[in-house]
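These notes concern the structure reproduced below.
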Amino acid sequence: MKKMFFYILAGGVMLSSCGKKGCTDSNAANYNADAKKDDGSCIAKVVPPEVDSEKPKVSITAPVAGQEVKQGAKLSVAASFTDNKALAGYLYTSSAPDIAGGTTISGTSANASFDVTIPATLSPGSYTISFTATDATGNISEKVSTSFSVILSDDVDKPVVNSVKITKSADPALKKLKTGSTPVNEVEFDISDNRGIDSIFISIKNTRTGDIVYPYDDNTGALPPRVVIPGASERLNFKQALSIKLSAFAISGEDPAEWIIRVVDGAKNETNFTQATIVTDL
Numbered sequence: 000m001k002k003m004f005f006y007i008l009a010g011g012v013m014l015s016s017c018g019k020k021g022c023t024d025s026n027a028a029n030y031n032a033d034a035k036k037d038d039g040s041c042i043a044k045v046v047p048p049e050v051d052s053e054k055p056k057v058s059i060t061a062p063v064a065g066q067e068v069k070q071g072a073k074l075s076v077a078a079s080f081t082d083n084k085a086l087a088g089y090l091y092t093s094s095a096p097d098i099a100g101g102t103t104i105s106g107t108s109a110n111a112s113f114d115v116t117i118p119a120t121l122s123p124g125s126y127t128i129s130f131t132a133t134d135a136t137g138n139i140s141e142k143v144s145t146s147f148s149v150i151l152s153d154d155v156d157k158p159v160v161n162s163v164k165i166t167k168s169a170d171p172a173l174k175k176l177k178t179g180s181t182p183v184n185e186v187e188f189d190i191s192d193n194r195g196i197d198s199i200f201i202s203i204k205n206t207r208t209g210d211i212v213y214p215y216d217d218n219t220g221a222l223p224p225r226v227v228i229p230g231a232s233e234r235l236n237f238k239q240a241l242s243i244k245l246s247a248f249a250i251s252g253e254d255p256a257e258w259i260i261r262v263v264d265g266a267k268n269e270t271n272f273t274q275a276t277i278v279t280d281l
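Residue numbers (numbering that gives the first Met the number 0): 0 to 281.
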């Protein structure tokens, strides 16, 4: 009887030991730390794919807001695109008819530049052009827009210089422009156009010596320097006081001089205006 009990106990231990089978791969999804023998049941862990939810970014570099273009003319358009992973393409649309398109792009950054033709029969006014970009995951960027103004192709009216007057100066009589790096002269310009001014160029000529200085410089590189016109309303009537500094002239106390002002509108009509003044280094 004792022998039989021993055999039963030993067999139970052996059965218990043999029963410790399972997945012994610690990298498996069903790894069994108690298993002594692998039974081939291991299941690989499922690693969820990385989710890219970041949208591409778009920047429009042309046209600048409010830029003017004639009916039937070409408008230059440029934009840049970036994405954290990979770009796939871009689309552009416009509130003006027959201006839309797009293409595929790749990489994490890309640029696009092209010309669109403004319909010859498009009514004058303000329009927008907009861009969106898509990445390889399907994320779509925020829509980015800028405006442009369509003007009549038959605009032949030149800009009008209504007045140029000194409103503040180191000269108490407000009749003379002081030269040198320190004095600041405030001069009010009143210039208008029926459709919109594009550029104003200002210079001053010493009529005794013929020397010319450029009193206003916004670092555009234009000669004479170009006044930046801030907005649409100012394009119709630029009435502002500009702070004018004059570099040293070759002056004999004070000399007769004249303003030389060139104004160009969106249709490239041009007005050249001169007005007498006095420059002094006294």
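Here a beta-carbon is modelled for each residue, glycine too, at the ideal position from N, C-alpha and C.
Contact check between the segment 77 to 95 and the segment 55 to 66: three or more CB pairs, one atom from each, fall below 8 Å, which counts as touching. Judged by DSSP secondary structure, Q70 falls outside any beta strand (DSSP E); it is assigned neither H nor E. Counted as a single uninterrupted DSSP element, the beta strand (DSSP E) harbouring D189 occupies residues 184 to 191. E141 carries a coil assignment under DSSP once its states are collapsed to helix, strand and coil. Per DSSP, reduced to three states, the secondary structure at R234 is helical. Note on geometry: alpha-carbon atoms of S58 and S129 lie some 10 Å from one another.
Here DSSP, grouped into helix, strand and coil, assigns E49 to coil. In the structure shown, the three-state DSSP call for V227 is coil. Its Cα nearest to that of D192, the residue R261 stands out among I201, A249, R261.
Residue pairing of D254 in beta bridges, as defined by DSSP: V278.
N271 carries a strand assignment under DSSP once its states are collapsed to helix, strand and coil.
Remark: fewer than three beta-carbon pairs, one from each stretch, lie closer than 8 Å, so the segment 252 to 259 and the segment 134 to 152 are not flagged as touching. Between V50 and A28, the alpha-carbon positions lie close to 22 Å from each other. For S198, the uninterrupted beta strand (DSSP E) segment begins and ends at 196 to 205. Ranked by Cα distance from E141, the options L90, Q66, A95 are led by L90. Per DSSP, the unbroken beta strand (DSSP E) holding T131 starts and ends at 124 to 134. Taking C-beta atoms as the reference points, F200 and P224 count as a pair closer than 8 Å. In terms of CA proximity to V45, N26 leads the group T166, N26, S122, A119. One thing to note: L245 has its Cβ within 8 Å of the Cβ of K177. The Cβ atoms of K157 and T279 lie no closer than 8 Å to each other. Residue pairing of Y91 in beta bridges, as defined by DSSP: G100, F130.
For the 8 Å CB-CB criterion, V155 and I190 do not form a contact.
The residue among G137, P123, V163, Q239 with its C-alpha nearest the C-alpha of T273 is V163. By the 16-neighbour rule on beta-carbons within 10 angstroms, L281 is exposed. Membership of A27 in any beta strand (DSSP E) is not indicated, and neither H nor E is assigned to it by DSSP.
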